[in-house]
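Visitor: A single structure is presented below for examination.
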Amino acid sequence: MGRISTLIVIVLSAALLWSCSKSGKAPSHEAACKHIIPIICDSAPTPAEKTQCKTEFTEKLAEFTADCAQEIKSKNISPSCIMKAKTMADLEGCEAQAKTKGKKGSGGSAKAKTAEAIDNLDKLYKGAVIYFTSPRVNREGGLIPCQFPDGGAAGGLTPAPGPDGKHPCCGIADADGDGRCDSNPNVWADHAWPVLSFQMTDQHYYAYAVESSGTLGDAKITISAYGDLDCDGVWSTFQKIGFADEGSSRVECSVKGSSAFYVDEELE
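Residues 247 to 514 in our numbering are what the sequence shown lists, from first letter to last.
Printed below as a string of structure tokens:
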């Protein structure tokens with residue numbers, strides 16, 4: 247019975263490849279995953295291990311297909327490329343192609359996406375300057391020492407990453423699996439975001455954070471945008487850093503003329 251089931255898996259994979267090539271329709275991620283199975287097992291060193299491999303895949307076909315499909319989506323690997331693969335080297339080539347496409351092949355697209363981070367950091371910085379330089383009083387009517395907005399614990403990365411540590415736009419905050427964070431006004435309802443009048447109303451590629459410290463002339467703010475455009479686990483970092491003018495007092499608060507800008511792994 248095990249042999250028959252194994253043969254069914256292999257025949258179905260071949261049939262799916264043939265039908266996709268004939269119909270012109272793009273193969274599904276699940277079909278691509280089933281096509282991978284015989285390739286993996288054929289790479290086993292001995293006939294016995296090949297047979298054992300196919301048996302194990304057959305027993306856990308649904309579980310493997312679901313996990314595999316999710317991984318292909320997260321890495322943006324083309325199912326069509328996988329369906330053409332015949333060896334492990336071919337499969338590795340598909341993954342390499344996806345990484346190249348994400349970083350270089352669509353470099354213009356990746357570069358264009360960074361405009362989101364740069365534009366939003368500029369908006370957030372301008373909002374932080376207004377907040378810092380605007381007089382505020384406490385309940386007793388006394389002037390509050392000028393300070394930048396509170397970003398919350400650990401900068402309050404928004405949206406927050408999942409327990410697996412993946413970038414939120416590649417996991418927990420991306421319900422439709424398109425590599426973008428879904429629009430969710432609830433996540434922008436606390437910490438610095440309301441006082442900065444900031445929230446992402448559309449799908450977006452970056453998660454944002456605000457970290458501030460000090461008051462008066464010692465005040466400092468770091469506004470960050472973190473991305474993972476190809477969802478490979480390597481994050482890009484964009485930061486705008488602002489400093490209070492040393493002469494700031496309770497009567498007059500001002501910031502230094504220009505902010506510092508830092509970028510790391512720009513197209514990630």
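Glycine is no exception: its CB is placed at the ideal position from the N, C-alpha and C atoms.
#1: Considering only C-alpha positions, which residue in the set 321, 392, 343 is nearest to residue 496?
#2: Kindly indicate which residue of 303, 308, 344 has the alpha-carbon position closest to the one of residue 476.
#3: In the DSSP assignment, the alpha helix (DSSP H) including residue 309 goes from what residue to what residue?
#4: Taking 6 Å as the limit between beta carbons, can you name the residues of its chain near residue 382, skipping five residues before and five after?
#5: Output the distance between the C-alpha atoms of residue 437 and residue 342, rounded to the nearest integer angstrom.
#6: With contact counted as at least three CB pairs below 8 Å, one residue from each stretch, are the stretch 396 to 416 and the stretch 294 to 303 in contact?
#7: Would you check if the distance between the CB atom of residue 404 and the CB atom of residue 499 is smaller than 8 Å?
#8: Nearest-angstrom Cα distance between residue 357 and residue 364?
#9: Can you check whether the CB of residue 429 is closer than 8 Å to the CB of residue 447?
#10: Assuming residue 377 contacts residue 441 under a Cβ cut-off of 8 Å, what Cβ separation, rounded to an integer in Å, is found between them?
#11: Apply the 10 Å Cβ neighbour rule to residue 313 and answer buried if 16 or more other Cβ atoms are within range, or exposed otherwise.
#12: In three-state terms, what does DSSP make of residue 489?
#13: Please report the residue range of the alpha helix (DSSP H) in which residue 456 lies.
#14: Could you tell me the distance, in whole angstroms, from the CA atom of residue 506 to the CA atom of residue 413?
#15: I need the straight-line Cα distance from residue 279 to residue 424, nearest angstrom please.
#16: Among 291, 327, 321, 290, which has the Cα closest to the Cα of residue 222?
#17: Could you tell me which residues DSSP pairs with residue 389 in its beta bridges?
#18: Starting from residue 233 and walking both ways along the beta strand (DSSP E), at which residues does that stretch end?
#19: Could you give the distance in angstroms between the alpha-carbon of residue 331 and the alpha-carbon of residue 292?
#20: Determine the contact status of residue 489 and residue 370, defining contact as a CB-CB distance below 8 Å.
#21: Compute the beta-carbon to beta-carbon distance between residue 483 and residue 509, rounded to the nearest angstrom, for a pair I have assumed lies under 8 Å.
#22: Mapping the DSSP letters down to three states, classify residue 396 as helix, strand or coil.
#23: With a cut-off of 8 Å on the beta carbons, I'd call residue 276 and residue 335 a contact; round off their distance for me.
#24: Using DSSP with H/G/I as helix, E/B as strand and the rest coil, what is residue 427?
#25: Grab the span of the alpha helix (DSSP H) containing residue 278 for me, first residue to last.
Guide: Concretely, from the data shown:
#1: The residue labelled residue 496 in the question sits at position 250 within the sequence shown. The shortest CA-to-CA distance from residue 496 to any of 321, 392, 343 is the one to 392.
#2: The residue you call residue 476 lines up with position 230 of the sequence shown. When only C-alpha atoms are compared, the closest one is 344.
#3: For this step, residue 309 is matched to residue 63 along the sequence shown. Here the alpha helix (DSSP H) through residue 309 covers 307 to 320.
#4: On the sequence shown, position 136 is the one that residue 382 refers to. Around residue 382: 390.
#5: If you number the sequence shown from 1, residue 437 lands on position 191. If you number the sequence shown from 1, residue 342 lands on position 96. Taking the straight line joining both Cα atoms gives about 40 Å.
#6: Judged by Cβ distances under 8 Å, the stretch 396 to 416 makes no contact with the stretch 294 to 303, as fewer than three pairs qualify.
#7: The residue given as residue 404 occupies position 158 in the sequence shown. The residue given as residue 499 occupies position 253 in the sequence shown. Not closer than 8 Å, so no.
#8: Position 111 of the sequence shown, counted from the start, is the residue given in the question as residue 357. Position 118 of the sequence shown, counted from the start, is the residue given in the question as residue 364. So the alpha carbons of these two residues sit roughly 11 Å apart.
#9: By one-based count along the sequence shown, residue 447 stands at place 201. By one-based count along the sequence shown, residue 429 stands at place 183. Less than 8 Å divides the Cβ of residue 447 from the Cβ of residue 429.
#10: Position 131 of the sequence shown, counting from 1, holds the residue named residue 377. Position 195 of the sequence shown, counting from 1, holds the residue named residue 441. Sure, about 6 Å apart at Cβ, within 8 Å.
#11: As a first step, residue 313 must be located in the sequence shown, where it is residue number 67. A residue is called buried when at least 16 other Cβ atoms come within 10 angstroms of its Cβ; residue 313 does not meet this threshold and is exposed.
#12: Counting from one through the sequence shown, the residue named residue 489 turns up at place 243. In the three-state reduction of the DSSP assignment, residue 489 falls in the strand class, which pools E and B.
#13: Taking the sequence shown and counting its residues from 1, one reaches residue 456 at position 210. Unbroken run through residue 456 is the beta strand (DSSP E), 452 to 459; no alpha helix (DSSP H).
#14: Stepping through the sequence shown from its first residue, residue 506 is reached at position 260. Stepping through the sequence shown from its first residue, residue 413 is reached at position 167. Annotation: residue 506 to residue 413 spans about 25 Å, alpha carbon to alpha carbon.
#15: Within the sequence shown, the letter at position 33 stands for residue 279. Within the sequence shown, the letter at position 178 stands for residue 424. When rounded, the distance between both Cα atoms is 19 Å.
#16: Because residue 222 is not part of the residues shown, which for the chain are 247 to 514, the question remains open.
#17: Taking the sequence shown and counting its residues from 1, one reaches residue 389 at position 143. DSSP output for residue 389 lists 383 as bridge partner(s).
#18: One cannot answer for residue 233 here, as it falls past the ends of the chain, which runs 247 to 514.
#19: Here residue 331 refers to the residue found at position 85 when the sequence shown is read from its first residue. Here residue 292 refers to the residue found at position 46 when the sequence shown is read from its first residue. One C-alpha to the other measures close to 21 Å.
#20: Taking the sequence shown and counting its residues from 1, one reaches residue 489 at position 243. Taking the sequence shown and counting its residues from 1, one reaches residue 370 at position 124. No, these two residues do not count as a Cβ contact at 8 Å.
#21: In the sequence shown, residue 483 corresponds to position 237, counting from 1. In the sequence shown, residue 509 corresponds to position 263, counting from 1. That pair is a contact at about 7 Å.
#22: Position 150 of the sequence shown holds residue 396. Residue 396: coil per DSSP, three-state reduction.
#23: Within the sequence shown, residue 276 is the residue found at index 30, counting from 1. Within the sequence shown, residue 335 is the residue found at index 89, counting from 1. Between residue 335 and residue 276 the Cβ distance is about 23 Å, and since that is not below 8 Å, they are no contact.
#24: For the purposes of this step, residue 427 is taken as the residue at position 181 of the sequence shown. Annotated three-state conformation of residue 427 is strand, per DSSP.
#25: Within the sequence shown, the letter at position 32 stands for residue 278. Here the alpha helix (DSSP H) through residue 278 covers 275 to 288.
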